[in-house]
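In our numbering, the protein residues as written are 254 to 684. Below is one structure; the comments refer to it alone.
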Amino acid sequence: MAKAKLTKRVVDDLKPADRPFVVYDTELTGFGVRVAPSGSKTFLIEYRPGAGGRGVRSVRLSLGPYGVLTPEEARRLAREKLATARSGKDPAAERRAAREALTLSHVAELWLTEAVAPKLARSTAALYRIYVDTHIAPVLGSRKAAEITFADVDRLHRKIGQGGKAVTANRVVAALSSIFSFAVRRQFVPKGFDLPTRGILKFGEEARERFLSSDELQRLGAVLREAETIGLPWSADPSKPFSKHRAIDDRARAVYSPHVTGAVRLLLFTGCRLREILHLRWSDIDFELGMLLLPTSKTGRRAVVLNAPALSILHSLPRASAFVIAGTDPTKPRADLAKPWAAFTRVAGLAGVRLHDLRHSFASVGAGGGMGLPIVGKLLGHTQSSTTARYAHLDSDPLRIASQRIATRIAAALDGHAPAEYFSLHKRYTA
Numbered sequence: 254m255a256k257a258k259l260t261k262r263v264v265d266d267l268k269p270a271d272r273p274f275v276v277y278d279t280e281l282t283g284f285g286v287r288v289a290p291s292g293s294k295t296f297l298i299e300y301r302p303g304a305g306g307r308g309v310r311s312v313r314l315s316l317g318p319y320g321v322l323t324p325e326e327a328r329r330l331a332r333e334k335l336a337t338a339r340s341g342k343d344p345a346a347e348r349r350a351a352r353e354a355l356t357l358s359h360v361a362e363l364w365l366t367e368a369v370a371p372k373l374a375r376s377t378a379a380l381y382r383i384y385v386d387t388h389i390a391p392v393l394g395s396r397k398a399a400e401i402t403f404a405d406v407d408r409l410h411r412k413i414g415q416g417g418k419a420v421t422a423n424r425v426v427a428a429l430s431s432i433f434s435f436a437v438r439r440q441f442v443p444k445g446f447d448l449p450t451r452g453i454l455k456f457g458e459e460a461r462e463r464f465l466s467s468d469e470l471q472r473l474g475a476v477l478r479e480a481e482t483i484g485l486p487w488s489a490d491p492s493k494p495f496s497k498h499r500a501i502d503d504r505a506r507a508v509y510s511p512h513v514t515g516a517v518r519l520l521l522f523t524g525c526r527l528r529e530i531l532h533l534r535w536s537d538i539d540f541e542l543g544m545l546l547l548p549t550s551k552t553g554r555r556a557v558v559l560n561a562p563a564l565s566i567l568h569s570l571p572r573a574s575a576f577v578i579a580g581t582d583p584t585k586p587r588a589d590l591a592k593p594w595a596a597f598t599r600v601a602g603l604a605g606v607r608l609h610d611l612r613h614s615f616a617s618v619g620a621g622g623g624m625g626l627p628i629v630g631k632l633l634g635h636t637q638s639s640t641t642a643r644y645a646h647l648d649s650d651p652l653r654i655a656s657q658r659i660a661t662r663i664a665a666a667l668d669g670h671a672p673a674e675y676f677s678l679h680k681r682y683t684a
């Protein structure tokens with residue numbers, strides 16, 4: 254075993270041989286330099302992990318190449334690593350663990366696959382996928398999950414929020430919190446790992462609550478009747494002034510299918526979420542009980558009480574596919590109602606009204622009519638039903654009574670016969 258005091262002159266004078274060899278330092282036991290046949294020289298330490306002893310196999314740990322490290326720097330680093338080894342730790346094992354540690358992107362993918370997809374609604378899973386792919390992975394994805402700090406998360410949160418997306422910034426932090434909690438449960442991070450999302454001060458969120466008044470419902474009802482009969486006046490996209498379609502006759506009108514207008518009415522009469530209506534299958538409807546039995550929703554499996562106007566719409570719709578709201582492909586649900594809804598709101602003068610505001614309007618009529626938020630919350634699915642059997646006595650169920658009253662008033666407004674006092678819209682409701 255070759256030994257020498259490892260100084261710059263000594264290391265410089267070491268000549269390569271046919272096989273690699275190690276020269277150990279005479280002053281610091283376990284410190285040495287390895288000389289390869291190519292002539293490269295690498296500083297290392299050699300130690301026995303744990304309590305040591307002859308029964309424990311020795312381990313070598315490279316410190317770095319000569320040239321990057323001077324002998325003095327290598328000796329100082331070796332002394333620190335050897336002291337760590339004598340305390341019972343294993344520097345080589347710690348390095349291996351660090352190399353094998355999962356990146357945040359890897360942990361996030363496992364979270365989406367194992368914790369989100371099997372347990373949450375598809376729409377929620379899709380939203381989490383957007384948060385990961387758009388905001389989390391590009392900034393923090395390549396980093397080891399265990400190395401992410403509060404400062405990293407806070408910086409990402411502020412960047413998103415200051416870009417005008419305060420709500421998205423808060424939701425991204427919530428997603429990160431779930432990802433790190435998953436990492437702790439799966440032991441992807443060390444014991445005692447402090448969640449870097451803890452203590453993040455979220456941006457204030459201004460709740461957007463928009464309810465349609467009786468006058469607005471009357472205008473929307475008139476537009477829906479016009480859209481499915483004589484059609485709505487065609488209008489070119491004003492953002493595309495050179496569109497070839499601007500040459501179309503100003504008298505051209507677009508007639509909309511009963512599935513499109515029916516979807517809007519069902520959103521109003523049931524208070525359902527958009528995807529719950531667009532993904533609704535005929536097999537999900539129990540006409541005898543007067544219920545929608547949704548296998549999946551944002552809050553899981555739930556039952557929706559149907560009122561007379563909603564049942565009338567469902568009975569009138571042509572059965573063009575397995576889905577109630579038929580699209581161009583009979584094997585798939587309709588993707589959205591964005592274009593027709595933009596046309597309806599344009600003609601009805603309802604600028605800025607979203608499809609989700611129809612759900613708000615359903616709730617506001619119920620709350621304004623003195624039905625109580627617990628009843629309205631049940632109608633909207635804010636509390637998950639344990640089973641659908643509990644709705645067997647629906648003829649006398651207060652949910653059916655409340656749903657019937659709400660839909661009757663909305664139907665009257667759509668037909669232009671709603672007394673203004675039915676709509677106490679100053680009573681706010683948070684969906």
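Think of the CB as a built atom: it goes at the ideal place given N, C-alpha and C, for glycine as much as any other residue.
Asked: Buried or exposed for H568, please, with buried defined as at least 16 other CB atoms from any protein chain shown within 10 angstroms of its CB.; Found: exposed
Asked: Just to confirm, is the Cβ distance from V360 to A270 under 8 Å?; Found: no
Asked: So, using beta-carbon positions, are A289 and P273 closer together than 8 Å?; Found: yes
Asked: What residue from L373, L521, H410 and S510 has the CA that sits closest to T581's CA?; Found: S510
Asked: In terms of residue numbering, what span does the beta strand (DSSP E) encompassing A255 cover?; Found: A255 to A257
Asked: Can you name, in chain order, every residue of its own chain whose Cβ lies under 6 Å from the Cβ of A354, other than the five neighbours on each side?; Found: K397 and A399
Asked: Could you give the DSSP three-state label for P494: helix, strand or coil?; Found: Unreliable placement is indicated for P494, whose pLDDT of 47 sits below 50; the coordinate value is still reported in the next sentence. Residue state, collapsed to three classes: coil.
Asked: Do the CB positions of Y384 and V369 come within less than 8 Å of each other?; Found: no
Asked: Per DSSP, which residues does P449 bridge with? Please list them.; Found: Looking at the DSSP assignment, P449 forms no beta bridge with any residue, so it has no partner.
Asked: In or out: V517 buried (at least 16 other Cβ within 10 Å) or exposed?; Found: buried
Asked: Assign D265 to buried or exposed, taking buried as 16 or more other Cβ atoms, counted over all protein chains shown, within 10 Å of its Cβ.; Found: exposed
Asked: Just curious, the alpha helix (DSSP H) that V600 is in, first and last residue?; Found: A591 to A601
Asked: Going by CA-CA distance only, name the one from K261, L611 and A575 that's closest to P583.; Found: A575
Asked: If we call anything under 8 Å between Cβ atoms a contact, is S426 one with K455?; Found: One point to set straight first is that residue 426 is Val, not Ser, in the sequence displayed. Yes, the Cβ-Cβ distance between V426 and K455 is below 8 Å.
Asked: With a 10 Å radius around its C-beta and 16 neighbouring C-beta atoms as the bar for buried, classify G474 as buried or exposed.; Found: buried
Asked: Between the beta-carbon of P562 and the beta-carbon of T661, is there less than 8 Å?; Found: yes
Asked: Is it buried or exposed, D610, if we count other Cβ atoms within 10 angstroms and call 16 or more buried?; Found: buried
Asked: Between which two residues does the alpha helix (DSSP H) containing G515 stretch?; Found: P511 to T523
Asked: According to the Cβ coordinates, are V406 and L429 closer than 8 Å?; Found: yes
Asked: Since Y300 is in the beta strand (DSSP E), which residue starts that stretch and which ends it?; Found: K294 to Y300
Asked: Would you kindly work out how many angstroms separate the C-alpha atoms of G283 and A345, rounded to a whole number?; Found: 14 Å
Asked: Assign T402 to one of two classes, buried (16 or more other C-beta atoms within 10 Å of its C-beta) or exposed (fewer than that).; Found: exposed
Asked: To which residues does DSSP link Y319 through a beta bridge?; Found: L322
Asked: If you follow the beta strand (DSSP E) that L545 is part of, which residue opens it and which one closes it?; Found: M544 to L547
Asked: Rounded to whole angstroms, how far is the Cβ of L527 from the Cβ of F615, which I believe are closer than 8 Å?; Found: Going by Cβ atoms, the distance from L527 to F615 rounds to 13 Å, so no, they are not a contact pair.
Asked: Which residues bound the beta strand (DSSP E) around F284?; Found: F284 to V288
Asked: So within the stretch 365-425, which uninterrupted alpha helix (DSSP H) runs reach at least 4 residues, ignoring any that extend past its ends?; Found: 375-383, 390-393 and 403-415
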